[in-house]
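Asks: Read top to bottom, the protein sequences are chains A and B. Once you know that position 284 of the first sequence is 284 in the numbering used here, the rest is easy, because the numbers rise by one and skip nothing. Offset between the second sequence (1-based) and the numbering used here: plus 400. Where is the CB? At the ideal position from N, CA and C, for every residue including glycine. The following block contains the structure, expressed as structure tokens.
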Amino acid sequence: MKSKFIAIAGGLLAATALAGATAKADVKIGLIGGVSGPIAAMAPSMISAAQLAFQQVNEQGGILDGEKLVGVVGDSACNPQGGTDAATKAVNIEGVSAIVGPHCSGAVLAAAGSVTIPAGITVVTPSGTSPEITGLDDKDTVFRTVPSDDYQGRALARTLKEKGYNKVAVAYINNDYGTGLADAFKAEFEAQSGEIAGFAAHEDGKASYRSNLAELASGGADTLVIFDYGDGTGLTILRQALENGFFEKFVGGDGMKSDAPINELGAENLATFVASSPVGEKSDSLDVFNEAYKAAGGDPDAIFVTTSYDAAFMLALAVEKAGGDKAGVSAALREISNGEGEAILPGEWEKAKKLIAAGTAIDYKGAAGDHNFDAAGDVPGTYALFEVGADGFEVMVEMK
Amino acid sequence: MELIGLANYALFMGIFIGIYALLALGLNIQWGFAGLFNAGIAGFFAVGAYTSAILTSPSADGRLGGFELPFFVGWFGAMVAAALIAWPIGKICLRFRSDYLAIATIGVAEIIRLVIKSEEVLTNGARGITNIPRPFGDLPYVQSQLAYLAIVAAVLVVAYLMVQRQFNAPWGRMMRAIRDNELAARAMGKNVEYRRLEAFIFGAALMGLGGALFAHFNRSITPEAIDPMVATFLVWIMLILGGSGNNKGAILGATVVWIIWSVSEIATDQLPHEYAVKAKYIRLFLIGLMLQLVLRFRPEGILPEPLRGDTRTDDNAVK
């Protein structure tokens, strides 16, 4: 039995050793995403956005001594089992210098806890929004380019209070996205002496939410805050709340800012609907990225593509700055984007490389924001509150 | 790629194989011995993982916990909790036969998953529990994995020896008699319902232990881990492929399936980059193909159940 196991394992390992011996001079960065599993529809565009960053690096002279930067794609399947497996392979078999991903929060927590933190490899997740990631004991190796749900929830609560909303009911989808947003919103709204008159989670995919809505409305609030997805369950809830007149005013998180409600329900019925959403930094960074990504055949409006691109490009800069030293990547990552130094826009690899070689400080201005990391490796987001106008969503007010 | 990297990867695979082998052993008691079609492995896996997480993790706001007990207390608690949950479920569901039982247990696993996702006070809801201590987790990467593999291997060996002993004991023969001919066993005066419940609970306890080992290895547990694909059906494939009714088969099945599952990704990575994303699905295809081939050409599995139901050569041992 034992000898069989050893023989099988040995044979397979030998096979992989032979297969992996090619292309030794390349610098590798892992791209671990939920290729299969619940976010399979979103993952390909996120990965291709990250690959675009590597392509730009290679077209503009390559990394370090003109070496090729290669993205190694791994499948986390959006669960901890797949996440740790993919991360172990990326770190040990492929020998990556850093990792973009994993995409889902549960996979990030598991892969960080069992693989990347012990191995000292830096990870930047473009889409893991769970507040739990903030509190990881990570030796400063876990970062993210997407704001924590905690941040958006709090910003939304403050903005609503300023706008005169005092008594609201909250309906949220029962997953880490909805729960994270709703908890943060509730804490901040109550701290600002607002009243939460109803607070309930719902499962997705049901045909009717009328009983949930009736219960939420019984608290007496005239405003319903929905943390859900506008092209899924959130649409059903919004429609049924409108049809039955449970609430007068509606507020959504970034998931609700989708064209589906406008197309399905009509802009004239959504006069009292507002939604918060991240907005690109006022600089040219977003335009530069959008053009480049369109030219590469991608859709720049797809979700999390900007954060994926930024994560990949920043890790490339950090590897360059650290001179290829894996242990130095996390410190370098903070140096290349701390708000001080010459501004680098998406795609400006050649310029950045020269400045790094000359020892000048640089500051990356990303497509999704400035990405000046705080002590926990989180970024503050730039959010605005949108209302529905004649041509779709229009910015109503910036959120602080 | 360096040798140390290969060693790390091999250690990691060993740990996962050990954890899955525990799940497969638990299922072997239920299906291989007693013929109970449990399709709710993920539920008992989750109960074990969360119980141990709550018992051993430091306190956090808004949820039960902060007991910070040593890991072995957590693991023992995981087994007890999974067994306690299995008792009422078995009491109610085991009156069903084969496929009806499968449907009922899928439902039970789904109920457990939703409770875990929704009861924030108990499990921190969808966010999951983090900062679970890992034994020898403070050592450097390689040593830490090595130490954990040693623990997992030790646990697996103990579990294997105990289950194997039961297989050869009168209890094992009786279970197989109930499985193969319930009426005859009943006529012999065996309490069929009670014995079935026993097998169900023992199996569930091992699954709970597997869940606890998993949570401590990752230092975190989130509801995403209770995915039926990786926590229920993959285990079934392992047992069927390895040979149900054979404990060595269960462990071998876990080894073979996990190695294929994990290593096939390295193989597909050798394809050109434009296929890199699409090729990930080859893994799912390979597992399905393998199961089809085994069912077609070797339905009893790689290591079939011993024919006489007794693997000992010594006739003078316990009768």
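How far does the alpha helix (DSSP H) with D299 of chain A in it reach, from first residue to last?
Replies: Careful: D299 of chain A lies outside any alpha helix (DSSP H) and carries neither H nor E.
Asks: Assign E59 of chain A to one of three DSSP states: helix, strand, or coil.
Replies: In this structure, E59 of chain A counts as helix in the three-state DSSP scheme.
Asks: So with CB distances below 8 Å, who are the chain B contacts of L181 of chain A?
Replies: What L181 of chain A touches in chain B: nothing, since even the nearest Cβ is about 11 Å away.
Asks: Of all the residues that make up the segment 516-533 of chain B, which are near chain A by a beta-carbon distance shorter than 7 Å?
Replies: For the segment 516-533 of chain B, which is checked against every Cβ of chain A, the residues closer than 7 Å are K517, S518, G525, A526, R527, G528, T530, N531.
Asks: Could you tell me the boundaries of the beta strand (DSSP E) in which S276 of chain A lies?
Replies: 273-278 is the extent of the beta strand (DSSP E) around S276 of chain A.
Asks: Name, please, each residue of chain A whose Cβ falls closer than 8 Å to the Cβ of T632 of chain B.
Replies: Going along chain A, no residue has its Cβ under 8 Å from T632 of chain B, so there is no contact; the nearest lies around 12 Å.
Asks: Quick check on the DSSP output: the beta strand (DSSP E) that includes D75 of chain A runs from which residue to which?
Replies: Unbroken beta strand (DSSP E) run through D75 of chain A: 69-75.
Asks: Is D580 of chain B close to chain A, meaning its C-beta is less than 8 Å from at least one C-beta of that chain?
Replies: So no, D580 of chain B is outside the interface.
Asks: What are the start and end residues of the beta strand (DSSP E) that includes D363 of chain A?
Replies: Looking at the DSSP string, the run of the beta strand (DSSP E) that includes D363 of chain A is 362-364.
Asks: Would you say N174 of chain A reaches chain B, if we count a Cβ-Cβ gap shorter than 8 Å as a contact?
Replies: Chain B, which has a Cβ nearer than 8 Å to the Cβ of N174 of chain A, makes this yes.
Asks: Along chain A, in chain order, which residues have C-beta atoms closer than 8 Å to that of Y560 of chain B?
Replies: None at all; the shortest Cβ gap to chain A is about 10 Å.
Asks: Return the CA-CA distance between D140 of chain A and S518 of chain B, expressed in angstroms with no decimal places.
Replies: Answer to the nearest angstrom: the Cα atoms are 31 Å apart.
Asks: Note the first and the last residue of the continuous alpha helix (DSSP H) segment covering E387 of chain A.
Replies: Segment 383-389 is the beta strand (DSSP E) holding E387 of chain A; no alpha helix (DSSP H) there.
Asks: Given a cut-off of 8 Å on the beta-carbon distance, is the pair D259 of chain A and G389 of chain A in contact?
Replies: Cβ distance not < 8 Å, so D259 of chain A and G389 of chain A don't count as in contact.
Asks: Identify, in the order they occur along the chain, each residue of the same chain with its Cβ nearer than 7 Å to the Cβ of T505 of chain B, setting aside the five sequence neighbours on each side.
Replies: If we look at T505 of chain B and ignore the five residues flanking it on each side, its Cβ neighbours are N438, A439, G440, C493.
Asks: Mind checking if G405 of chain B is an interface residue toward chain A, Cβ cutoff 8 Å exclusive?
Replies: Output row for G405 of chain B: interface = yes.
Asks: Find out if the Cβ-Cβ distance for the pair Q564 of chain B, N428 of chain B is shorter than 8 Å.
Replies: In this structure, N428 of chain B does not lie closer than 8 Å to Q564 of chain B by Cβ.
Asks: Would a C-beta distance cut-off of 8 Å place A327 of chain A and V124 of chain A closer than the cut-off?
Replies: For A327 of chain A and V124 of chain A, no; Cβs fall outside 8 Å.
Asks: Output needed for E700 of chain B: all residues of its chain with C-beta closer than 7 Å, excluding positions within five of it in sequence on either side, in chain order.
Replies: G643, listed in sequence order.
Asks: Would N408 of chain B pass as an interface residue toward chain A - the criterion being a Cβ-Cβ separation below 8 Å?
Replies: True, the Cβ-Cβ gap to chain A drops below 8 Å.
Asks: K89 of chain A CB to nearest chain B CB: under 8 Å?
Replies: By this cut-off, K89 of chain A is an interface position.
Asks: Could you confirm whether any beta carbon from chain A is found closer than 8 Å to the beta carbon of D461 of chain B?
Replies: False, the Cβ-Cβ gap to chain A never drops below 8 Å.
Asks: Taking buried to mean at least 16 other C-beta atoms within 10 Å of its own C-beta, is T420 of chain A buried or exposed?
Replies: Because chain A here runs from 1 to 400, residue 420 of chain A falls outside it and cannot be looked at.
Asks: Determine which residues share a DSSP beta bridge with E520 of chain B and list them.
Replies: DSSP, once it has assigned bridges, lists no residue as partnering E520 of chain B.
Asks: 8 Å is my cut-off, CB to CB: does G324 of chain A come that close to chain B?
Replies: Output row for G324 of chain A: interface = no.
Asks: Using alpha carbons as the reference points, say which of B:F412, B:R513, B:T456, B:I415 lies closest to T632 of chain B.
Replies: For the residues B:F412, B:R513, B:T456, B:I415, the minimum Cα distance to T632 of chain B belongs to B:R513.
Asks: Give the straight-line distance between the Cα atoms of K249 of chain A and P278 of chain A, rounded to the nearest whole angstrom.
Replies: Cα-Cα distance, rounded: 21 Å.
Asks: Chain A beta carbons: is any one of them nearer than 8 Å to that of F471 of chain B?
Replies: No - not a single Cβ of chain A is within 8 Å of the one on F471 of chain B.
Asks: Going straight from the alpha carbon of G645 of chain B to that of M607 of chain B, what length do you get?
Replies: Rounded to the nearest angstrom, the two C-alpha atoms are 17 Å apart.
Asks: Which value, in whole angstroms, describes the spacing of the CA atoms of G66 of chain A and D176 of chain A?
Replies: Distance between the alpha carbons of G66 of chain A and D176 of chain A: 42 Å.
Asks: Can at least three beta-carbon pairs, one atom from the segment 108-125 of chain A and one from the segment 677-689 of chain B, be found at a separation below 8 Å?
Replies: With the cut-off at 8 Å, the segment 108-125 of chain A and the segment 677-689 of chain B do not touch.
Asks: Would you please state the rounded distance, in angstroms, between the beta carbons of S114 of chain A and P131 of chain A? I believe it to be under 8 Å.
Replies: Incorrect: roughly 20 Å between the Cβ atoms, too far for contact.
Asks: Roughly how many angstroms lie between the CA atoms of W431 of chain B and G418 of chain B, to the nearest whole one?
Replies: Approximately 19 Å between the Cα atoms of the pair.
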